[in-house]
Every structure is written in structure tokens, then in C-alpha cells.
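Below is one structure, written out as C-alpha cells, with a few remarks after it.
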Amino acid sequence: MNKIIFLGTSAGVPTRNRNVSALALQPENSKAWMLFDCGEGTQHQLLKTSLSAYNLSRIFITHLHGDHVYGLCGLLASKGMQRAEMPLEIYGPPGIKEMLETVMKFSQLNLPFDLKIFEISKDTTMRFEGMRIVVVELSHSITSYGFVVIFDDTPGRFDIEKAKALGIPEGPLYSKLKRGETVKLPDGRSIDGRDLVGVPKKGRRIAIGGDNDDPLLFSPFAPYDLMIHEATYTQYDFDHLPRKFKHTTAKQLAEAAQKMGVEWLILNHISPRYDKKGRVSELVEEAKRHFDGNVEVAYDFMQIEI
Ligand SMILES: [Zn+2]
């Protein structure tokens, strides 16, 4: 199973219980892990988990607002102090390269590992071991992206017993059959590999949102097994804000998730007002009224498997 750990779930500023945005994804059977957003203090949060900066291999940044990026420089410096050698790749919106390189230059931060910074744009597709990640352009007060993580399908199980019973000699023929190819046996019979391989398991599909006021922008890649998206306010509170910000409400997110065929919805990036006043359940209750699947509100160090 792939593991996700929420490292920061508060919007804008931290509270006593919640830090600002960061989310870890550790793919199955992989020591290396990925980070989505890196708010200030993310490296402190990491110390309370089983993850270490040492094994961090990729960072994806949704947008350049401080509550999503101010933790980067500290994290990089600490990773450097650990004499980490694993190369690190950072993917983020235009400006991320200049932002980081400027800080690194003035604070003379020399890293012992290879750092590559890539500026992404709408529809950038990245191919990694066992998955691809597609960038979705969102709607916020500055350029903001979401990431769709699409794990590869797992091939069906190869029926060795059946192959043996058919008298197929073990060896290179098996690998061809496992790939679903048709092979010719020395005795002249021809065997279709598809008859020996079970149904492939569909790879999981996860939507991870940055700040955004239109969750339906994730529609082109729907449906999703899991959607993790900001729900900064309840609809009532949003409607009564003296000044509107480009964020999503629990109701709006739930309605969009319902339309997009989301199975499991996690509300993230919640306004500090809910945490400070013990009102977090209002968000989930509102979402439940508009969404039939599994729904919950993320909290710091919440860990899930998918
Ligand atoms: Zn934010």
C-alpha cells in the first residue's frame, strides 16, 4: 500500500495543533518518499514521524504563497547537514528556481547532494517509477497547481500451476507469457499468454489540490479513488466574510467530488478559526450533506494507506 502522512493541515498560519501545508507520500516498496508543499516548520513535523529528510527524493510545490513554501530552505539545509547523497528534485511554479537560488546564494548554502529545480506549467506530465503525475492548473490569487498522481496498473497474477500443467518448459517462455504474448512451444502448440494471466489491478488515482476556488478543475482526470483538497471554510462562514479569498468551501468541494466520482474525500487546509474554537466537525458535517462517499477532515500526523 502507498502511505500518505499529513504534516500540516492549517490554512495560512499554524495553530497549536496544526502546522501549515505539507503532505508526504511514500509509494509502496519505496524507501524514497515525496513531499507536496513545504510550509514553515515542516522539518520539525518530520521529526515526529518515521520519515527522514535523508530519504526525501522529490518535492512538489503547488504555489508560492508562504504557508506552502517557507519551509523549503530550512529543510534543504538540514538534509544537507545529514550528508544526504540522494539527489533531490523540486517541481514548482515559475519563480521557484529564482526564489530558492537567491536564498541559497545569500546564505551560502552549499548542498552535498544534487539539487534539480524544475518549473512546471499547466498539463506538465512527469513519469516516475510506478506512476505518473499530471499538473492541473487551478484558480487562486496567484498561479496555483494541483497534482494528479496516477499509479501504474499492476499486471494480473501469472498462473504458474496452469503453465506447468500445460507442459510449458520453465524459463524465458514464462516471461513472454507473463507479458501476455503468444508463444510457440517446441512441440508446435501455440499458447496465448492472456489465458495464463489474471485480470490486471487498476492503479490508484489521487488528486492533490493546492489552493483553489474551483475544485471541478480536476474533472479531466476523474474519477478519483482519493481526493485531498482544501476546504478552507464552511459555506456559511465564507458567505459572511467581509473580504472574499479564492478558496473552496466544504459544501462546494463535496458537490464537486460528488460530480467527479470521488470515492474518498479528505478536507485539508482548514481555516485556523475551526481548530481554535473546536469547530472542525462543522466542515465534515457540511460536506456529508453533499457527498455520498467517505469523507473526513485531515489532521496533523494523520496517516492513511491507499
Ligand atoms: Zn494556503
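The opening residue of the sequence shown carries number 12 in the working numbering; numbering runs sequentially from there. Beta carbons: idealized from backbone N, C-alpha and C, even for Gly.
Output yes if chain D places a C-beta closer than 8 angstroms to the C-beta of GLY157; else output no. Included in the structure is just one protein chain, with no chain D present.
Mind checking LEU58: buried by the 16 CB within 10 Å criterion, or exposed? Sequence index remark: in the sequence shown, residue 58 carries index 47 (1-based). Classification for LEU58: exposed.
DSSP three-state label for TYR285, please. Within the sequence shown, the letter at position 274 stands for residue 285. Correct three-state label for TYR285: helix.
N-terminal and C-terminal residue of the alpha helix (DSSP H) that LEU83 is part of: Counting from 1 along the sequence shown, the entry for residue 83 is found at position 72. Here the alpha helix (DSSP H) through LEU83 covers 83-92.
First through last residue of the beta strand (DSSP E) which encompasses LYS195: The count along the sequence shown starts at 1 and reaches residue 195 at position 184. Residues 193-195.
6 angstroms Cβ shell around ALA267 - same chain, five flanking residues per side excluded: Taking the sequence shown and counting its residues from 1, the one referred to as residue 267 is at position 256. Correct list, in chain order: PRO226, LEU227.
Would you give the residue range spanned by the beta strand (DSSP E) that TYR102 belongs to? Translated into the one-based positions of the sequence shown, residue 102 becomes position 91. Its beta strand (DSSP E) spans residues 99-103.
Is the beta carbon of GLN56 closer than 8 angstroms to that of ASN30? The sequence position of residue 30 within the sequence shown is 19, counting from 1. The sequence position of residue 56 within the sequence shown is 45, counting from 1. A contact, by the Cβ cut-off of 8 angstroms.
Pull up the CB-CB distance for LEU149 and GLY157, whole angstroms please, since I reckon it's below 8 angstroms. For this step, residue 149 is matched to residue 138 along the sequence shown. For this step, residue 157 is matched to residue 146 along the sequence shown. That belief holds up - the Cβ atoms of LEU149 and GLY157 are roughly 5 angstroms apart, short of 8 angstroms.
Assess, as a yes-or-no matter, whether the region 72-84 is touched by the region 246-259 under the definition of 3 or more beta carbon pairs within less than 8 angstroms. no
Presumed contact (8 angstroms Cβ cut-off) between LEU327 and ASP170, rounded CB distance: Only positions 12 to 317 of the chain appear in the structure, and residue 327 is not among them; the question remains open.
Where PHE162 falls, given that 16 or more other Cβ within 10 Å makes a residue buried: Within the sequence shown, residue 162 is the residue found at index 151, counting from 1. When all chains shown are included, PHE162 counts as buried.
Cβ atoms of ALA242 and LEU278: under 8 angstroms apart, would you say? Position 267 of the sequence shown holds residue 278. Position 231 of the sequence shown holds residue 242. The answer is yes: Cβ separation under 8 angstroms.
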